[in-house]
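A.B. asks: Got a structure here, written out as structure tokens. Questions coming.
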Amino acid sequence: MPDGKRLPPARLFMGYDTSSKGAIPFLDGLFLIFLSAATCVFMYLVSISVNKFFSLPIKTVISQETPTDGLKCPAVTICNLNKFMKSKIDVADEDENFEKMELNISGCSEIGEVRGNLTCGQALLCAHVSYGTALVKGCNETMQQNIIDVLNRSSVRLFNEEAFFTKYGHDMARMFVVYCSYMESITCSDKDFFNFTF
Numbered sequence: 056m057p058d059g060k061r062l063p064p065a066r067l068f069m070g071y072d073t074s075s076k077g078a079i080p081f082l083d084g085l086f087l088i089f090l091s092a093a094t095c096v097f098m099y100l101v102s103i104s105v106n107k108f109f110s111l112p113i114k115t116v117i118s119q120e121t122p123t124d125g126l127k128c129p130a131v132t133i134c135n136l137n138k139f140m141k142s143k144i145d146v147a148d149e150d151e152n153f154e155k156m157e158l159n160i161s162g163c164s165e166i167g168e169v170r171g172n173l174t175c176g177q178a179l180l181c182a183h184v185s186y187g188t189a190l191v192k193g194c195n196e197t198m199q200q201n202i203i204d205v206l207n208r209s210s211v212r213l214f215n216e217e218a219f220f221t222k223y224g225h226d227m228a229r230m231f232v233v234y235c236s237y238m239e240s241i242t243c244s245d246k247d248f249f250n251f252t253f
């Protein structure tokens, strides 16, 4: 330090005087030039980033290629999300289709007294599913519990879940609307498939 004077700490950097009255005034100017340049570059890059963000760019590339020899059809699994056919659930006991479609499964006649105006399918659906009261019009929690009580009261198991799914579920034959073929040359039918319920 020149002349033994003590400078304030803000004006000292590594023992050198950083004021413009210091020993190296050229460095102060150079420092300000670099600081200004760095600030300008920073502000420029921030403005580019902000503009890009607010322009909401979306880049989606879609390409489609089809082989010249055609597409090979993969193995297909048909999964119907509706477990039951509404047309079967709504068939009344007196309807001739009730017997033809074999909808008179065990439990139908036993719950006849407690199901009110519901068909057998509607009553079993009401009792079988925990949210059956929301699915079946005319089914309430009291009726649901009464149907369950009648089905559980017997020493013989009246309600067969697999029979209920099979009889009131979808027919594979009705799901084939136009045709069925395998490997372009082998025709198939509903007999080539099986129902899998879980």
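Quick note, my numbering runs 55 ahead of the 1-based positions in the sequence shown. Beta carbons are placed, not taken as given, at the ideal position from N, Cα and C, and that holds for glycine.
Tell me whether Met198 is buried or exposed, calling it buried when 16 or more other Cβ atoms sit within 10 Å of its Cβ.
C.D. replies: As a first step, residue 198 is located in the sequence shown; it is residue number 143 there, counting from the start. Buried is the call here.
A.B. asks: Under the three-state reduction of DSSP, which class applies to Ala92: helix, strand or coil?
C.D. replies: Sequence index remark: in the sequence shown, residue 92 carries index 37 (1-based). It is helical.
A.B. asks: Can you list, in chain order, the stretches of the alpha helix (DSSP H) that have 4 or more residues and sit fully within the segment 111-186?
C.D. replies: Listed in chain order, they are 141-144, 151-155 and 175-183.
A.B. asks: Determine the extent of the alpha helix (DSSP H) in which Asn207 is found, giving its start and end residues.
C.D. replies: Position 152 of the sequence shown, counting from 1, holds the residue named residue 207. Looking at the DSSP string, the run of the alpha helix (DSSP H) that includes Asn207 is Glu196 to Arg208.
A.B. asks: Whether or not the segment 199-216 and the segment 150-162 are in contact is what I'm after, with contact meaning three or more pairs of Cβ atoms, one per stretch, closer than 8 Å; do they touch?
C.D. replies: yes
A.B. asks: Could you tell me the boundaries of the alpha helix (DSSP H) in which Phe219 lies?
C.D. replies: Position 164 of the sequence shown holds residue 219. Glu216 to Tyr223 is the extent of the alpha helix (DSSP H) around Phe219.
A.B. asks: Use the C-beta contact count for Arg170: other C-beta atoms within 10 angstroms, 16 or more gives buried, fewer gives exposed.
C.D. replies: Residue numbering aside, residue 170 sits at position 115 when the sequence shown is read from its first letter. With 16 or more Cβ atoms within 10 Å of its Cβ, Arg170 is classed as buried.
A.B. asks: Which value, in whole angstroms, describes the spacing of the CA atoms of Arg256 and His183?
C.D. replies: A query on residue 256 cannot be resolved here, the shown segment of the chain reaching from 56 to 253 and no further.
A.B. asks: For Tyr99, is the classification buried or exposed, using 16 other Cβ atoms within 10 angstroms of its Cβ as the cut-off for buried?
C.D. replies: Within the sequence shown, numbered from 1, the residue matching residue 99 stands at position 44. By the neighbour-count rule (16 or more Cβ atoms within 10 Å), Tyr99 is not buried but exposed.
A.B. asks: With DSSP run on the structure shown, which of helix, strand or coil describes Met56?
C.D. replies: One-based indexing of the sequence shown puts residue 56 at position 1. With a pLDDT of 48 at Met56, under the threshold of 50, the modelled position of this residue cannot be trusted, and the question is left open.
A.B. asks: Between Gly176 and Val146, how many whole angstroms is the CB-CB distance? I'm expecting something under 8 Å.
C.D. replies: As a position in the sequence shown, residue 176 is number 121, starting the count at 1. As a position in the sequence shown, residue 146 is number 91, starting the count at 1. Gly176 to Val146, Cβ: 7 Å. Contact.
A.B. asks: In the structure shown, what three-state DSSP assignment does Phe81 receive?
C.D. replies: Counting from one through the sequence shown, the residue named residue 81 turns up at place 26. DSSP places Phe81 in helix when its eight states are reduced to three.
A.B. asks: For Asn195 and Leu173, what's the separation of their Cα atoms in angstroms?
C.D. replies: Against the sequence shown, residue 195 aligns to sequence position 140. Against the sequence shown, residue 173 aligns to sequence position 118. So the two alpha carbons sit approximately 11 Å from each other.
A.B. asks: Please classify Ala189 as buried or exposed, where buried requires at least 16 neighbouring CB atoms within 10 angstroms.
C.D. replies: Position 134 of the sequence shown, counted from the start, is the residue given in the question as residue 189. Classification for Ala189: exposed.
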